[in-house]
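Working notes, beginning with the structure itself.
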Amino acid sequence: MTDRAVTRDADPRPSPGVPLSARRRGVAGWVDVRGRRLGGVAFILNRITGLGVLFYLYLHLVVLSQLAVGPSAWDSLLKNWFLNPVFLVLDVVLLAGLLIHGLNGIRVALVGLGLVVSRQKALLGAFGTIGAIVLLIGTLMFISHGG
Amino acid sequence: MSETVTFRVQRFKQGDPASHYDTFQESTDPRTTVLDVLTRIRRVEDPTLTLRHSCFHASCGTCGMKVNGREVLACVTNVRELGTDEVVVQPLDNAPLVSDLVVDMGPFYARFNAIDRPLVRESELVPGSHPAEGIPHAERYEDCIECGICLSACPIAATDPEYLGPAALAAADRLREEPRGQQVPPALRLADDPHGAWRCHVAFECSEACPSNVDPAGHIMSLRRSLIGRRWRALRGEPVGAER
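Going line by line, the protein sequences match chains A and B. Here my numbering is used: the first residue of the first sequence is 4, the next is one more, and so on. Here my numbering is used: the first residue of the second sequence is 2, the next is one more, and so on.
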């Protein structure tokens, strides 16, 4: 028996009349936090923040393109938009997203390589604590610069 | 002392356009389990309610279902300990729905059986056990009771229909740890696939939900470490080794 044959054997279709599609939850199975534990919530947050950071990357490139217009355009953008309290809140959200995605990404990489598996919960707690402290410091810095 | 608890049970029959919930008011005592209530509903109130169960003591793995959003064995889930006035009962996710709380376990078993892991362990014999006369020694079975709870809890299984799944991957790692005369490479090649051990995203929901302490996620990570070692040895032109 070849390996592929084993794979096919391992994936039979359900018996006729049984609606396979009715039970696979799709992306709803990712984002539905009901009943999920800490690791499951971390999984969901990693996906949401991943998409958020990807969106920010494009936004960042669009904003940086204002530099090509000239110093006055950039200064105006800085003064009128980026020091606005709403943008400062968005900066905090961005920092939170980067911390969640980055720190949890390190945990996923380490544990996913078979390292510190038995301590993965402690790792999640440690990274969560580090992230919260950095976020707090970052928020205070945003407030002090914005004020 | 008896207390009345509201049970909302998901219902579905073949041909129904969608599932719905039926509500039952059930008296419970401090020892009543969810399975006690469901079998009573079936016996007394609604004989059309379908569910799977057998042993009533967490050995057979047939009464896996979702209770208040979490995958559990209904036979050992105490109603009072849930701490809610309303108990919502649903079938397991990520498996074809047959009827009410019954899902088709065929795809799950097929994946599991493809690994071909022996059932009896050679290691970890029950310490201090005293087998009955005529029985040479106590046998220690594998922990997995093949309930499918891990697959239901797994977020990856929600979107990847080809994912081998936590139970099958844990079985592959157990085979690697303890081959017991079986061929290990076919199981490792099955696991070393984009829809195998590498598809897991470390949510650890399977290990949290497992009622038998198999720790499927831990086994998947152990399996990955072994597969990385095999690839590394192959890269260096060294013998890969049959198992580890």
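The beta-carbon is built from N, C-alpha and C at its ideal position, and this holds for glycine as well.
The alpha-carbon of A/L54 is positioned some 50 Å away from that of B/R44. Within a 10 Å sphere around the beta-carbon of A/N107 sit 16 or more other beta-carbons, which makes this residue buried.
Within the model, the alpha-carbon separation for A/G131 versus B/G129 is close to 43 Å. Here the stretch 77–86 of chain A does not lie against the stretch 132–139 of chain A, with fewer than 3 beta-carbon pairs under 8 Å apart. Runs of the alpha helix (DSSP H) lying entirely within the stretch 138–201 of chain B, each at least 4 residues long, are 150–154, 167–178, 186–192 in chain order. Pairing B/G70 with B/C148 gives a Cβ-Cβ distance that is not under 7 Å.
Put simply, of B/R181, B/P18, B/R53 the residue whose alpha carbon is nearest the alpha carbon of B/V104 is B/R53. B/C151 is positioned such that its CB atom lies closer than 7 Å to that of B/C207. In the structure shown, the three-state DSSP call for B/R41 is helix.
Cβ-Cβ separation between B/V6 and B/V90: approximately 11 Å, too far for a contact (criterion under 8 Å). Distance between A/V36 and B/I157, taken at the CA atoms: about 14 Å. The shortest CA-to-CA distance from B/R177 to any of B/W199, B/I116, B/A133, B/H202 is the one to B/I116.
B/R32 places its beta carbon 7 Å or farther from that of B/D23.
Sequence-distant Cβ neighbours of A/T142 in its own chain, meaning closer than 6 Å and more than five residues away, are V95.
A/G29 belongs to the set of residues whose beta carbon lies under 7 Å from a beta carbon in chain B. Within chain B, the residues whose beta carbon sits less than 7 Å from that of A/R40 are E206, E209, listed in sequence order.
Secondary structure of A/H148 (DSSP, three-state): helix. A/R50 and B/G135 have their C-alpha atoms roughly 57 Å apart. Beta-bridge pairing by DSSP links B/T34 to B/N79.
With its beta carbon at least 7 Å from every one in chain A, B/T40 lies outside the interface.
By the CB criterion at 7 Å, B/A198 and B/I221 fall inside the cutoff.
Per DSSP, the beta bridge partners of B/S100 are B/V103.
In the same chain as A/L48, and ignoring 5 residues on each side of it, the C-beta atoms closer than 6 Å to its own belong to I103, in chain order. Membership of B/R225 in the alpha helix (DSSP H) is indicated by the continuous run 217–236. One Cα belongs to B/L39, the other to A/L60, and the distance between them is close to 52 Å. Boundaries for B/F8: no alpha helix (DSSP H) harbours it, while the beta strand (DSSP E) harbouring it runs 4–12, taken from the DSSP string. When B/A235, B/L236, B/M2, B/R226 are compared, the shortest CA-CA separation from A/V119 is found for B/R226.
Residue-level contact by beta carbon fails for A/V119 and chain B, as no gap is shorter than 7 Å.
In this structure, A/F46 places its C-beta atom within 7 Å of the C-beta atom of B/H202. Of B/E123, B/M2, B/D101, B/F25, the smallest CA-CA separation from B/L50 is found for B/D101.
A/G43 sits away from B/T160, with the two beta carbons spaced by 7 Å or more.
At a beta-carbon threshold of 7 Å, the residues of chain B lying near A/Q123 are F205, ordered along the chain.
Our two residues, B/L120 and B/R181, have alpha carbons roughly 10 Å apart in a direct line. For the C-beta of A/G100, not a single chain B residue is nearer than 9 Å; the gap to the nearest is close to 18 Å.
The CB of A/W33 comes closer than 8 Å to the CB of P156, A159, T160 in chain B, given here in chain order. Less than 7 Å separates the beta-carbon of B/C145 from that of B/A168.
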